[in-house]
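Chemist: My structure is below; once you've seen it, I'll send some questions.
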Amino acid sequence: MSEAPSAVIELQAVHKWYGDFHVLKDINLQVGKGEKVVVCGPSGSGKSTMIRCINRLEEHQQGRITVAGIELTSDLKNIEAIRREVGMVFQQFNLFPHLTVLQNLTLAPIWVRKLPRKEAEETARYYLQRVRIPDQADKYPGQLSGGQQQRVAIARSLCMKPEIMLFDEPTSALDPEMIKEVLDVMVELAHEGMTMVCVTHEMGFARTVADMMVFMDRGEVVERAPPKDFFSSPKSDRTKAFLSQILAH
Amino acid sequence: MASEEASLPVAPARPAPWRDPKVRGIAYQIAFVAAVVGLGAFLVHNMLGNIARQNIATGFGFLRREAAFGIGESLISYTPADTYGRAFLVGLTNTLYVAALGIVLATILGTLMGLARLSGNWLVAKLAQIYVETFRNIPLLLQLFFWWGLLNKMAPGPREAWRILPDVFVSNRGIVFPAIVANPAYRWIAVAFCLGAIAAIGFGRWARKRQAETGRQFPTGWVGLALVVGLPLAVFLAFGAPLTLDRPALRGFNFAGGSTVSPEFTALLLGLVVYTGTFIAEIVRAGILAVSPGQSEAAMALGLKSGQRMRLVVLPQALRVIVPPMTSQYLGITKNSSLAVAIGYPDLVSIANTTMNQTGQAVEGIALIMAVYLTISLAISLLMNIYNRAVALVER
Amino acid sequence: MTDIAQNIPIAQHPPAPRATGVLGWLRANLFSSVFNSVLTVLSLTLIATVIPPVVRWGLLDAIWSAPNGAACHSGGACWAFIGEKFRFILFGRYPVDQDWRPVIVVGVFLAMILAACSRRMWGRRLAILWFVGLSAIFWLMAGGLGLTHVETALWSGLPLTLILAVVGMLFGFPLGVLLALGRRSRLPAVRAICVGYIELIRGVPLITMLFMASLMLPLFLPAGVTIDKLVRAQVAIILFSAAYLAEIVRGGLQAIPRGQIEAADALGLSYIQRTRLIVLPQALSMVIPPLVNSFISTFKDTSLVLIVSLFDLLGATEFALTDANWQGFYVEADVFIALIYWSFCFFMSRYSQMLERELNRGRRR
Numbered sequence: 008m009s010e011a012p013s014a015v016i017e018l019q020a021v022h023k024w025y026g027d028f029h030v031l032k033d034i035n036l037q038v039g040k041g042e043k044v045v046v047c048g049p050s051g052s053g054k055s056t057m058i059r060c061i062n063r064l065e066e067h068q069q070g071r072i073t074v075a076g077i078e079l080t081s082d083l084k085n086i087e088a089i090r091r092e093v094g095m096v097f098q099q100f101n102l103f104p105h106l107t108v109l110q111n112l113t114l115a116p117i118w119v120r121k122l123p124r125k126e127a128e129e130t131a132r133y134y135l136q137r138v139r140i141p142d143q144a145d146k147y148p149g150q151l152s153g154g155q156q157q158r159v160a161i162a163r164s165l166c167m168k169p170e171i172m173l174f175d176e177p178t179s180a181l182d183p184e185m186i187k188e189v190l191d192v193m194v195e196l197a198h199e200g201m202t203m204v205c206v207t208h209e210m211g212f213a214r215t216v217a218d219m220m221v222f223m224d225r226g227e228v229v230e231r232a233p234p235k236d237f238f239s240s241p242k243s244d245r246t247k248a249f250l251s252q253i254l255a256h
Numbered sequence: 472m473a474s475e476e477a478s479l480p481v482a483p484a485r486p487a488p489w490r491d492p493k494v495r496g497i498a499y500q501i502a503f504v505a506a507v508v509g510l511g512a513f514l515v516h517n518m519l520g521n522i523a524r525q526n527i528a529t530g531f532g533f534l535r536r537e538a539a540f541g542i543g544e545s546l547i548s549y550t551p552a553d554t555y556g557r558a559f560l561v562g563l564t565n566t567l568y569v570a571a572l573g574i575v576l577a578t579i580l581g582t583l584m585g586l587a588r589l590s591g592n593w594l595v596a597k598l599a600q601i602y603v604e605t606f607r608n609i610p611l612l613l614q615l616f617f618w619w620g621l622l623n624k625m626a627p628g629p630r631e632a633w634r635i636l637p638d639v640f641v642s643n644r645g646i647v648f649p650a651i652v653a654n655p656a657y658r659w660i661a662v663a664f665c666l667g668a669i670a671a672i673g674f675g676r677w678a679r680k681r682q683a684e685t686g687r688q689f690p691t692g693w694v695g696l697a698l699v700v701g702l703p704l705a706v707f708l709a710f711g712a713p714l715t716l717d718r719p720a721l722r723g724f725n726f727a728g729g730s731t732v733s734p735e736f737t738a739l740l741l742g743l744v745v746y747t748g749t750f751i752a753e754i755v756r757a758g759i760l761a762v763s764p765g766q767s768e769a770a771m772a773l774g775l776k777s778g779q780r781m782r783l784v785v786l787p788q789a790l791r792v793i794v795p796p797m798t799s800q801y802l803g804i805t806k807n808s809s810l811a812v813a814i815g816y817p818d819l820v821s822i823a824n825t826t827m828n829q830t831g832q833a834v835e836g837i838a839l840i841m842a843v844y845l846t847i848s849l850a851i852s853l854l855m856n857i858y859n860r861a862v863a864l865v866e867r
Numbered sequence: 007m008t009d010i011a012q013n014i015p016i017a018q019h020p021p022a023p024r025a026t027g028v029l030g031w032l033r034a035n036l037f038s039s040v041f042n043s044v045l046t047v048l049s050l051t052l053i054a055t056v057i058p059p060v061v062r063w064g065l066l067d068a069i070w071s072a073p074n075g076a077a078c079h080s081g082g083a084c085w086a087f088i089g090e091k092f093r094f095i096l097f098g099r100y101p102v103d104q105d106w107r108p109v110i111v112v113g114v115f116l117a118m119i120l121a122a123c124s125r126r127m128w129g130r131r132l133a134i135l136w137f138v139g140l141s142a143i144f145w146l147m148a149g150g151l152g153l154t155h156v157e158t159a160l161w162s163g164l165p166l167t168l169i170l171a172v173v174g175m176l177f178g179f180p181l182g183v184l185l186a187l188g189r190r191s192r193l194p195a196v197r198a199i200c201v202g203y204i205e206l207i208r209g210v211p212l213i214t215m216l217f218m219a220s221l222m223l224p225l226f227l228p229a230g231v232t233i234d235k236l237v238r239a240q241v242a243i244i245l246f247s248a249a250y251l252a253e254i255v256r257g258g259l260q261a262i263p264r265g266q267i268e269a270a271d272a273l274g275l276s277y278i279q280r281t282r283l284i285v286l287p288q289a290l291s292m293v294i295p296p297l298v299n300s301f302i303s304t305f306k307d308t309s310l311v312l313i314v315s316l317f318d319l320l321g322a323t324e325f326a327l328t329d330a331n332w333q334g335f336y337v338e339a340d341v342f343i344a345l346i347y348w349s350f351c352f353f354m355s356r357y358s359q360m361l362e363r364e365l366n367r368g369r370r371r
């Protein structure tokens, strides 16, 4: 296992509670630059909560989170700086239905990175080309299929040129025939060296792309290993139980 | 040979007339229309007979006759020597005035209360909820009587008037407050205001163009505000800040000077605003809740600030859900202002009522009232349909 | 990063005390930011300014019994007025010796409405109950068959409000359904007339309908035929609510998928059968909560009949306030009947929300 040169994401002893319910217990995680981490686990294990803490969509109560060298606190300036460098793709796409595809992509670059409109549109068209739907620029999200919408969502995050991309179950809401087109885009992104943290059930994708597998259960990190060790010889019984369920069919 | 016969198009056989759905459809319609027309004819026949028997005049000629009744308050000049037609006009302007003011104030109150209900502050949200639940479940007429009783009967006479602010007095003759004496400078201030508004719009356009080209943003909101407020203020000061107030002073049994709003008007406005504000609050709350939280999260994840999220993502989507029911509330305010007849504010229905009592021409009077309200309703519906079509979300 | 493997789950432990308990709740809900803290302070000031004078007026300084109005005018509320007048406010000009009849009538109404609220009763049993209930109500109010006759001009107060609202909805509903079906008809003449009626009624205030009914209806009838004042107002309320109910039902009809109609046609059902057996049951069950809200609105709207000289609950109250011996207790009277109206409307709206939740649970959204 290679030692990561510098951690772009670092979670140290992170705890989170919803009221009295202890949802994240002592999470320690380091993600190096260019590293691809896949997080898996049963539902309710806290994996979505954990990655949502990284860009402050959820707030952690204890412990330390550092992203791209910036510490994540309640300070709005830090939060905004971190969100500029972290892109997120949601399970429900969350495209803005009242804007065209092109406007969806140029919104943040114009208003957050303060780019001139022409430059933002050029970048937008470039990324639309990369996700292979260049001709849909003037359509509205409601006119696209699920797979197309998710690819637009990926392009929208990429237009901000983030250092890190977070994926929260990106294919779980898609019809089976559209999963491949989205995974293909994600694999390409991985091969170009993007730092990625993915919560997913797609184990085939994980085997192809992941540098590190993280298994979470009941709010804690249970096992952490490279894919070849993780799938062939998991060490924890809980990991074994989970893998037997998910790989059986 | 068989193919030649098959190439001619064959029409399906026509069914017998009483089985043909088209014929039956026409027959039903003829029967239905005949029934409605028959009923109408019967009613009209009776009406004409009764009118002749009771010696009631017909036609709208009465609008040219002298009204011979006074009207308590009016936006346009009116004396009892004016015609019934002019009296109707007074009623119409009074209705539109209280409705317009009611719409503006109810929107402000309702929006604030709706946002308050969504607030993270438990106390504020609870207070707003109490407001909504209380005033929504009490009939409007009862609320009007309550405010009117407070302002008309419980308020003391002018000599013991309540003083709620310096120079603002509440008595059973109404609320009297200082009036601003007209001054030639005000015309210039109005001009400056218009110029400021035009400048603000032009500036906004220039700033947007610059943002599109260079990406740099300008605080258009603040600058626009400065122009619209600052320019008139500058003119005001340039003229030496002329502000003379006509202060109300107790003279004898009543106040002289200042301007007054009658207790009837105040009660009607208060009741309409407080009552309709509850419905608007719920509409605003539902509209903002209708925007899925994922939209805010996606905007957050992209790095948009809170104000930008509201303006660019949440509000445009919320407005689509808010505007249609909001316009029907506006219609409701206009229609509910007709309750003025119960508390003596001279609105359209109130004046029509007096006219009908004096002339006995109930049919024409009611027809006039209905025509006016219908026109207003159809106008507002039309505007709303245009808006809806323009902003509809495009889907497959 | 080293590999790790855990077999035994970490135990749950409770969060830091700062985050929970009363202090934690206060911090999160009332003082989470400077802006919020300012709002909290302003709200508390508002409460402190408003509540004490109201409590003083309504409870501490109030007079609970007095011989006449003059003795009751102190700084506080005169609840003695309510004690003196509540019978008149509730039952109006109904003969005092026949008081037991309107009391039973109100009871029967409440029973009927409560029965309608329980979903288990929905069906033929409810229809029979309502038929019997309404017959009993009219017999009790009007008289005949052993009870002394009381003319409709004397019916007033709460029973009148309930009659106007319930009968208005009862007759307005079938008319509204017909209008809604007519508005969606493919026959242009039928559609035009229904649309015309609906838009006309919805565009004008209820007051104009009441005026039309009380001033114009007598003119529309043949000479010699008079129509009861109560019936006139009732007809106006029925025609008015029918238009609004039509729009609600139309919303339900529009929500029925085309496939339902196609399936019914494929089975060979006629228009009437299709509408009665397939379309209407589904459409109506979808719009039950808005229908309940419409009933609440109608209930509030009955207060307008005082403008055409009928003494419903509000009208009777205004009349009670004209007593020379008890002058000036507007606020007490208004608060009293506001409580009655509010209780009814509030609980009906809570019921409507609960119903909506229940109905949606069984339906995939």
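Chains as they are written, first to last, in my numbering: chain E, 8 to 256; chain C, 472 to 867; chain D, 7 to 371. Heads up, the beta-carbon is just placed ideally off N, CA and C, and yes, glycines get one too. Predicted model only: the values in this text are computed from it and were never measured.
Whose Cβ in chain E lies nearer than 7 Å to the Cβ of P787/C?
Modeler: Going along chain E in sequence order, the residues near P787/C (Cβ under 7 Å) are H105.
Chemist: Going by Cα to Cα distance, which pick from Q525/C, A552/C, G543/C and N526/C is closest to L534/C?
Modeler: The residue with the shortest Cα to Cα distance from L534/C is A552/C.
Chemist: When the Cα atoms are used, what is the spatial distance from A823/C to G129/D?
Modeler: Roughly 47 Å between the two C-alpha positions.
Chemist: Identify which residue in L721/C, L704/C, A720/C and R722/C has its Cα closest to the Cα of L714/C.
Modeler: Among L721/C, L704/C, A720/C and R722/C, the Cα nearest to that of L714/C is on L704/C.
Chemist: Per the contact definition of three or more C-beta pairs closer than 8 Å, is the segment 729-748 of chain C in contact with the segment 20-34 of chain E?
Modeler: Contact between the segment 20-34 of chain E and the segment 729-748 of chain C is absent, because fewer than three Cβ pairs lie under 8 Å.
Chemist: Between L849/C and chain D, is any beta-carbon pair separated by less than 8 Å?
Modeler: At least one chain D Cβ lies under 8 Å of L849/C.
Chemist: Note down, in chain order, every chain E residue with its Cβ under 7 Å from the Cβ of Q18/D.
Modeler: Neighbours of Q18/D on chain E, chain order: H29.
Chemist: Going residue by residue through the segment 624-685 of chain C, where are the continuous beta strand (DSSP E) segments of at least 3 residues, counting only ones entirely within it?
Modeler: Runs of the beta strand (DSSP E) inside the segment 624-685 of chain C: 633-636, 639-642 and 645-648.
Chemist: Between L36/D, I57/D and V56/D, which lies nearest to V47/D when the distance is taken from Cα to Cα?
Modeler: Answer by Cα proximity: L36/D.
Chemist: Check whether the segment 68-85 of chain E and the segment 130-144 of chain E are in contact - that is, three or more C-beta pairs closer than 8 Å.
Modeler: Touching, no.
Chemist: Using only alpha-carbon positions, find the residue among K776/C, E604/C and N725/C that is nearest to F352/D.
Modeler: For the residues K776/C, E604/C and N725/C, the minimum Cα distance to F352/D belongs to E604/C.
Chemist: Have a look at M292/D, L164/D and F246/D and flag the residue whose alpha-carbon is nearest the alpha-carbon of I110/D.
Modeler: The candidate whose alpha carbon is nearest that of I110/D is L164/D.
Chemist: What is the residue span of the beta strand (DSSP E) that W24/E lies within?
Modeler: Residues A14 to Y25.
Chemist: For the alpha helix (DSSP H) that contains S767/C, what are its first and last residues?
Modeler: Its alpha helix (DSSP H) spans residues P764 to A772.
Chemist: Give me the Cβ distance between P817/C and V647/C, rounded to the nearest whole Å; I'm assuming they're in contact under 8 Å.
Modeler: Between V647/C and P817/C the Cβ distance is about 19 Å, and since that is not below 8 Å, they are no contact.
Chemist: Under 8 Å between the Cβ atoms of D340/D and F736/C?
Modeler: Result no, Cβ atoms of D340/D and F736/C do not sit closer than 8 Å.
Chemist: What is the C-beta distance between T207/E and T178/E, in whole angstroms, given that I count them as a contact (C-beta under 8 Å)?
Modeler: About 7 Å separates the two Cβ atoms, so the contact holds.
Chemist: For L622/C, tell me which candidate among G645/C, N608/C and V639/C has the shortest Cα-Cα distance.
Modeler: When only C-alpha atoms are compared, the closest one is G645/C.
Chemist: Mapping DSSP to helix, strand and coil, what is F606/C?
Modeler: Residue state, collapsed to three classes: helix.
Chemist: With 16 as the cutoff for other CB atoms within 10 Å, does E184/E come out buried or exposed?
Modeler: It is exposed - the Cβ of E184/E has fewer than 16 other Cβ atoms within 10 Å.
Chemist: Tell me the rounded alpha-carbon separation between R756/C and L586/C.
Modeler: Rounded to the nearest angstrom, the two C-alpha atoms are 7 Å apart.
Chemist: Considering only the alpha carbon of each residue, which of A833/C, G803/C and C665/C lies closest to V706/C?
Modeler: Comparing Cα-Cα distances from V706/C to each of A833/C, G803/C and C665/C, the minimum goes to C665/C.
Chemist: Keeping to the same chain, check which residues put their C-beta closer than 6 Å to that of R791/C; ignore five residues upstream and five downstream.
Modeler: Result list for R791/C: V862, in chain order.
Chemist: Within its chain, find whatever has a CB closer than 8 Å to the CB of L64/E; leave out the 5 residues flanking it on each side and keep chain order.
Modeler: Excluding sequence neighbours, L64/E sits near M95.
Chemist: Which residue wins for smallest C-alpha separation from S13/E, given the options L190/E, P123/E and T73/E?
Modeler: Minimum Cα distance to S13/E is reached at T73/E.
Chemist: Looking at chain C, which residues of the segment 34-63 of chain E have a Cβ within less than 7 Å of any of its Cβ atoms?
Modeler: Answer set for the segment 34-63 of chain E: N62.
Chemist: Only counting the same chain, and skipping five residues up and downstream in sequence, which positions put a Cβ closer than 6 Å to that of N859/C?
Modeler: Correct list: empty, nothing qualifies.
Chemist: Can you tell me which of the three DSSP states P91/D falls into?
Modeler: It should be noted that the sequence gives Lys, not Pro, for residue 91/D. Reduced to three states, the DSSP call for K91/D is helix.
Chemist: Tell me which residues of the segment 235-253 of chain E have at least one Cβ-Cβ distance to chain D shorter than 8 Å, keeping chain order.
Modeler: Within the segment 235-253 of chain E, the qualifying residues are D236, P241, K242, S243, D244, R245 and T246.
Chemist: Can you give me, in chain order, the residues of the segment 97-125 of chain E that have a beta carbon less than 8 Å from any beta carbon in chain D?
Modeler: If the cut-off is 8 Å between Cβ atoms, the segment 97-125 of chain E has nothing near chain D.
Chemist: Can you tell me whether R381/D is buried or exposed? The criterion is at least 16 other CB atoms within 10 Å of its CB, across all chains shown.
Modeler: Nothing can be reported for residue 381/D, as the shown portion of chain D is limited to 7 through 371.
Chemist: Using the Cβ count rule (16 or more neighbours within 10 Å means buried), how would you classify V652/C?
Modeler: With fewer than 16 other Cβ atoms within 10 Å, it is exposed.
Chemist: Can you give me the C-alpha to C-alpha distance between E10/E and D191/E, rounded to a whole angstrom?
Modeler: Residue placement at E10/E is poorly supported in this model, since its pLDDT is 48, which falls under 50; the coordinates still yield a value, given next. So the alpha carbons of these two residues sit roughly 28 Å apart.
Chemist: Output the residue ranges of the alpha helix (DSSP H) runs that lie fully inside the segment 136-219 of chain D and measure 4 residues or longer, sorted by chain position.
Modeler: Segments of the alpha helix (DSSP H) lying fully in the segment 136-219 of chain D: 164-189, 194-209 and 212-217.
Chemist: Does any C-beta atom of chain F lie closer than 8 Å to the C-beta of Y844/C?
Modeler: The chain labelled as chain F is not found among the protein chains of the depicted structure, namely E, C and D.
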